[in-house]
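Enquirer:
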Amino acid sequence: MAHKKGAGSTKNGRDSKSKRLGVKCFHGHKVQAGNILIRQRGVSFEPGKNVGIGRDYTLYACVEGVVSFKKKKKKTCISIVEFDESTKSVYNYFDELEFNYKKMFPN
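For the sequence shown, position 102 matches number 102 in UniProt numbering, and the numbering has no gaps at all.
1) Looking at the strands, I want to know which residues DSSP matches up with S68.
2) With 16 other CB atoms within 10 Å as the buried threshold, where does S18 fall?
3) In whole angstroms, what separates the C-alpha of residue 157 from that of R39?
4) Can you look up L21 in the DSSP assignment and give me helix, strand or coil?
5) Going by DSSP, which residues form a beta bridge with L37?
6) In this structure, how does DSSP classify Y57 when only helix, strand and coil are distinguished?
7) Among the candidates R20, N50 and S16, whose CA atom is the shortest distance from the CA of Q32?
8) Which residue from I53, F45, E82 and Y57 puts its Cα closest to that of K74?
9) Is K74 close to chain E, meaning its C-beta is less than 8 Å from at least one C-beta of that chain?
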């Protein structure tokens, strides 16, 4: 038999604000220098070429270009491919054709 009543209402009722973590710019998105790519806790995603990392492990673009995701064993590496208007297709830094830029973004 319980000797205390279940009066936990004053001890409950708290909740933390969501931290809005996750990917902000996905593969193929065009970004400007300084755009936040990913907010994370720890290094789940590693910075690649033209990507900087903040003190809270936020990944951001260092140059204007197109976001490229590449899987390396268990980690995902994120790079920014600088886009030259004279070329019609974008190649990532691993020499594989990623997509036809003009077909995806017809503007």
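Quick reminder that beta carbons are idealized off the backbone N, C-alpha and C, glycines included.
Expert: Taking the geometry as given:
1) S79
2) exposed
3) Residue 157 is absent from the structure shown; the chain starts at 1 and stops at 107.
4) coil
5) Bridge partners of L37: none, in fact.
6) Judged by DSSP in its simplified three-state form, Y57 adopts coil rather than helix or strand.
7) Looking from the CA of Q32, the closest CA among R20, N50 and S16 belongs to N50.
8) Checking every option, the nearest Cα to that of K74 belongs to F45.
9) Here chain E cannot be found, since the structure has a single protein chain.
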